[in-house]
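Student: Residues 781 to 999 in our numbering are what the sequence shown spells out, letter by letter.
Using N, Cα and C, we set each Cβ at its ideal position, and we do this for glycine too.
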Amino acid sequence: MKRILIVEDEGRISSFIAKGLKAAGFTSNVTGDGLSGRDLALTGDFDLVVLDIGLPLLDGFSVLSELKEQRPELPVLVLTARDNTDDTIYALESGAVDYMVKPFRFGELLARIRLRLKENQPEAPATELVRGDVHIDLLRRQVRVAGKEVELSARELSLAEILLHNRGQVLSREQLLSHVWGYDFDPGSNVVDVYIGYLRKKLGSDFVTTVRGFGYRVD
Ligand code: CA
């Protein structure tokens, strides 16, 4: 199982990322300051680091430059604040493999993490999720139903993905909302139900089961 280190001092963001990673089958550790982040990344057995820039004790840029010096093979994905292009450019020049601008959707972060892990392991087989007639190729972001290609939007795809990864378990609207739409989305919204409807239309009416009062489940 792949291990991800999350270095982020804002609790709601780090727990949002950790929950999403767990649901997607990754193990993660969270730390909230740059010093322990650096130490963990150097000593721990991690496959990738998600690193915030504004951190207490040691800022993200200093962590990044020490990691690049001492563990250049370890991929680091940087989280930057909205509209701070200078930070983003500087992070990429300092050796970050990728970046996400806050606020972001978990599905997008997950796609980037998968891509970077895949680049580090060229022989790894393509990741495919299958349920009955439905085949989802996670790396190519391609969906086929009974052999026919079906177009899913990024959000539909990430909704189908989280449900399939947690097959047999009921996921609440709040869990789905936070995974697919992000931690800033209005919890009173009915957008999840609307998108479940889109998935049923595209992937088959029996793709998702409604569990009244709780949420949704794929069997
Ligand atoms: Ca921060």
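#1: Starting from R921, trace the alpha helix (DSSP H) both ways and give me its first and last residue.
#2: Quick one, what's near ligand 1 if you take every residue whose CB is closer than 6 Å to any heavy atom, in chain order?
#3: Does the beta-carbon distance from G995 to L956 come in below 8 Å?
#4: Extract the residue ranges of the alpha helix (DSSP H) inside the segment 942-992, only unbroken runs of 4 or more that lie entirely within it.
#5: One question on the structure: do L831 and L859 come within less than 8 Å of each other, judged by their Cβ atoms?
#6: Would the beta-carbon of V787 fall within 8 Å of that of T807?
#7: Tell me, which residues are paired with R911 by DSSP?
#8: Just tell me which of A876, G962 and K928 has its CA closest to the CA of L939.
#9: Please say whether L979 and E931 have beta carbons closer to each other than 8 Å?
#10: Are V960 and R885 close, meaning C-beta to C-beta below 8 Å?
#11: With respect to the alpha helix (DSSP H) encompassing I869, which residues constitute its N-terminal and C-terminal limits?
#12: Once the 5 residues before and after S794 are set aside, which same chain residues still bring their CB inside 8 Å of it?
#13: Taking just the CA atoms, how far does S985 sit from R1000?
#14: Give me the Cα-Cα distance between V914 and V998, rounded to the nearest whole angstrom.
#15: Which partner residues of T823 appear in the DSSP bridge assignment?
#16: Alpha carbon to alpha carbon, how far is G834 from Q922?
#17: For R992 and I976, I'd like the C-alpha separation in whole angstroms.
Tutor: Looking at the atomic coordinates:
#1: Note, R921: premise wrong, no alpha helix (DSSP H); not H, not E.
#2: Working through the chain, the matches are D789, E790, D832, G834 and L835.
#3: In terms of Cβ geometry, G995 and L956 form a close pair [threshold 8 Å].
#4: Unbroken alpha helix (DSSP H) stretches of 4 residues or longer found wholly inside the segment 942-992: 953-960 and 971-983, given in chain order.
#5: Result yes, Cβ atoms of L831 and L859 sit closer than 8 Å.
#6: Contact: no.
#7: Partner residues in the beta bridge of R911, as assigned by DSSP, are V914.
#8: A check of alpha carbon separations from L939 across A876, G962 and K928 identifies G962 as the nearest.
#9: Against a cut-off of 8 Å, the Cβ pair of L979 and E931 comes out as no contact.
#10: R885 sits close to V960, with the two beta carbons spaced by under 8 Å.
#11: I869 -> alpha helix (DSSP H) spans T865 to E873.
#12: Scanning its chain for C-beta atoms nearer than 8 Å, with the 5 sequence neighbours on each side dropped, one finds around S794 the residues I786, E788, V810 and G812, in chain order.
#13: The structure shown has nothing for residue 1000, since the chain only spans 781 to 999.
#14: Approximately 12 Å between the Cα atoms of the pair.
#15: The secondary-structure analysis by DSSP pairs T823 with nothing; it has no beta-bridge partner.
#16: Each residue's Cα considered, the two are about 36 Å apart.
#17: Rounded to the nearest angstrom, the two C-alpha atoms are 14 Å apart.
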